[in-house]
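Trainee: Take this structure, written in C-alpha cells, and hold onto it; I'll ask about it next.
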Amino acid sequence: MAKAIPRGAYYHHLMAPPTPTDLIHHPYVPPRGFAAPQPGVFKASTVIFPNTATMRARDWKNKNGYTYGLHGTPTTFMLEERIATLEGGKHCALLPSGLAAIANVSMALLKNGDEVLIPDNAYGPNKALADGELKNWGISYQLYDPMNPADLQARIGPQTKLVWLEAPGSVTMEFVPLRELAQVCRERGVTTALDSTWAGGIAFNGFDAGADIVVHALTKYPSGGGDVLMGAVVTRDDQLNLDIKLTHMRVGWGVAANDAEAVLRSLPTLPLRYHAHDVAARELAAWLQARPEVTQLLHPAFEGSPGHQHWRALCGAKEEGSGIDAGGAAAGLFSIVFDECYSMDKVDAFCDTLKLFKLGYSWGGPISLVVPYDIASMRSSRFGPCPYKGALVRFSIGLEAVEDLRADLEQALGALA
Ligand SMILES: *Cc1c(COP(=O)(O)O)cnc(C)c1O
C-alpha cells in the first residue's frame, strides 16, 4: 500500500539516493491561493511551454504570453504597465539603465544617412553617443539652442528623423519652452523623444507637452534608493512601440527581476518622495541664493532662473511669491554659480569640506549629493558665450533633515574664505 509522502520528505521515500534529476524535477507544488498585494519576483531565462504547438504559436511581440526571460516575466510586465500608467502612455519597454533607454530610442529610429538633433544642454552621454556610435554608423547630429524654437526650426532638414528634448537642461537647469519645441517638430513631421527623468512622471506629463516618446531613468526617483540602474521608454503609438521593441529584442536588453521588484516597491511612495525632495531643495536653494558667495541660483521654480516662465506654464505653479512660487512641482535638483572671485580649487575645497553632502553622480536617492562643474567647458560656444563665469555646483537634495543640510552648507562655505 502506497504511503502518503509527508511534505518535505520526498527524499526519504526514494529507493536510491537522490540524483540531480530529483533535485530538478521535484514533484512538490506549493498550494495555490497565496494572495498578497506585493508582486512576486519571477526570475527566468527559460519559459516552459506545455507543448510544441504552443511553443510555435506564442509571439513575444504581443504581451499575452511568455516566451523567454529577456522578453518579459510577470514582474517586468507589471513594472512596464505601472510606468506606462505613471506617464499616461500605452506601452513601456524597460532597459538596464536610463542611458540604455536613450540609446534604444536613437538606435530604433535612426539609420545610415539620417540626422538627429540634440539640445546643447542635454544629458552629456546622449551627446557622447551621437558623437561616437551614431556618427560611426553614418548618422549625423547637430546641437540646437534649446531656449530658442526658431533655432531648432532652422536646423530641421530632410534628413532629420529624431529630435531629443529635455526639460530642464542637465546641470544648468534652464527650463526650455518644451511645448513650443515639440510643436515645431510636429509641424515638420519629425518624431520627438523627451528625456523626462527630472519630471519623474510627477512634475509634468511628457505626452501633454507634445513628445512622441518619453524616456525615464528609473535609476533616479522611481527607484529612489540609489541601488538600482534602470531605464524606460514609454510610447502611445503602436508603431513606435514596435520599432522600440524590435531594437530592444535584437540588441538583447533585459532587466533583472530583483531590480524590477525594487522599483515596484518604491513606486507607491514616488509622489511623496518627489514632494519632500522638492520642498527641501527649494528651502536650501533660497538660503544659498541669499549668500554673498553665490551670484546665480539655477532652479526652474525660482524667478530669475532661466526659463522660469516655461516651468510655471508647464508645471502648474499657481501663485507667485517673493522668489519662491507656491505650488507647482520641481525635482530636488538645483545648481549654484559661485562668484568668479572663487577659483575652481576654492569651490572644490567647499565640496570637499561638506560632510552630509557626498560627492557623487546621479541623484534621486535619500543621500544629498554635490558635483562641482567647470560649466564653460561643457557647452557649445556657437550659442553665444557661456553666461556663467564662476564655478558651478550641482546639488541633489536627499531626504535628510533640512536644518542639518543647511548647517553643513554653512560650515563648508567657510572653506571659501
Ligand atoms: C541619470 C540620467 C540619465 C541616465 O540614467 P542612468 O540610469 O544613470 O543611465 C539620463 N538622463 C538624465 C536626465 C539623467 O539624469
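Just so we're aligned: 61 in the numbering used here is position 61 of the sequence shown, and the numbers increase by one with no gaps anywhere.
Every residue gets a Cβ at the ideal spot worked out from N, C-alpha and C, and that includes glycine.
Just so it is clear, the structure is predicted and the values come from calculations on it, not from any experiment.
(1) Tell me whether Y28 is buried or exposed, calling it buried when 16 or more other Cβ atoms sit within 10 Å of its Cβ.
(2) Report the residue from Y373, H310, D59 whose alpha carbon sits nearest the alpha carbon of S388.
(3) In its own chain, which residues sit with a C-beta less than 6 angstroms from the C-beta of R394, not counting the 5 before and 5 after it?
(4) Our contact map puts F175 next to P300 with C-beta atoms below 8 angstroms; I'd like the distance itself, whole angstroms only.
(5) Taking 7 angstroms as the cut-off, does the CB of T197 come closer than this to any heavy atom belonging to ligand 1?
(6) Tell me A193's beta-bridge partners as DSSP assigns them.
(7) Would you tell me roughly how many angstroms separate the C-alpha atoms of V116 and G225, rounded to the nearest one?
(8) If you draw a straight line from the alpha carbon of G364 to that of R82, how long is it in whole angstroms?
(9) Should R404 go down as buried or exposed, given a rule of 16 or more other Cβ atoms within 10 Å for buried?
(10) Run the CB neighbour count on P119, radius 10 Å, all protein chains shown included, and call it buried at 16 or more, exposed below.
(11) Closer than 8 angstroms is the cut-off here; do at least three beta carbon pairs connect the region 247-266 with the region 94-108?
(12) What did DSSP end up calling Y274 once you bin it into helix, strand or coil?
(13) Could you give the residue range of the beta strand (DSSP E) that holds A108?
(14) Between F34 and T75, what straight-line distance do the alpha-carbon atoms span, to the nearest angstrom?
(15) Kindly indicate which residue of E340, G414, A167, N112 has the alpha-carbon position closest to the one of E133.
(16) In whole angstroms, what is the alpha-carbon distance linking Q411 and A182?
(17) If you run the structure through DSSP and keep just helix, strand and coil, what is R25?
(18) Which full runs of the beta strand (DSSP E) of 3+ residues lie inside the region 284-355, going along the chain?
(19) Assign C92 to one of three DSSP states: helix, strand, or coil.
(20) List the DSSP bridge partners of K358.
(21) Who are the Cβ neighbours of A260 in its own chain at under 6 angstroms, not counting the five residues just before and after it?
(22) Beta strand (DSSP E) containing S266: first to last residue?
(23) Check G231 in the structure and name its three-state DSSP category.
(24) Expressed to the nearest angstrom, what Euclidean distance is found between the alpha-carbon atoms of T52 and W198?
(25) Measuring straight from C-alpha to C-alpha, what distance separates M1 and S223?
(26) What span of residues does the beta strand (DSSP E) with V393 cover, start to end?
(27) Counting Cβ pairs, one atom from each stretch, are 3 or more of them under 8 angstroms apart for the region 84-92 and the region 147-157?
Mentor: If we stick to the structure as given:
(1) exposed
(2) The question names Ser, but residue 388 is Tyr in the sequence shown. Checking every option, the nearest Cα to that of Y388 belongs to Y373.
(3) V171, S335, V371
(4) 4 angstroms
(5) yes
(6) W164, I213
(7) 33 angstroms
(8) 19 angstroms
(9) The residue you asked about is not Arg; residue 404 is Asp in the sequence shown. D404 comes out exposed.
(10) buried
(11) yes
(12) helix
(13) A108 -> not in any beta strand (DSSP E); alpha helix (DSSP H) instead, spanning 98-109.
(14) 16 angstroms
(15) N112
(16) 44 angstroms
(17) Correcting the residue identity first, residue 25 is His in this sequence and not Arg. DSSP places H25 in coil when its eight states are reduced to three.
(18) 294-298, 333-338
(19) strand
(20) L369
(21) T75, T76, L79
(22) S266 -> not in any beta strand (DSSP E); alpha helix (DSSP H) instead, spanning 257-266.
(23) strand
(24) 46 angstroms
(25) Because the pLDDT of M1 is 45, which lies under 50, any placement of that residue in the model is unreliable, and the question is left without a value.
(26) 392-396
(27) no
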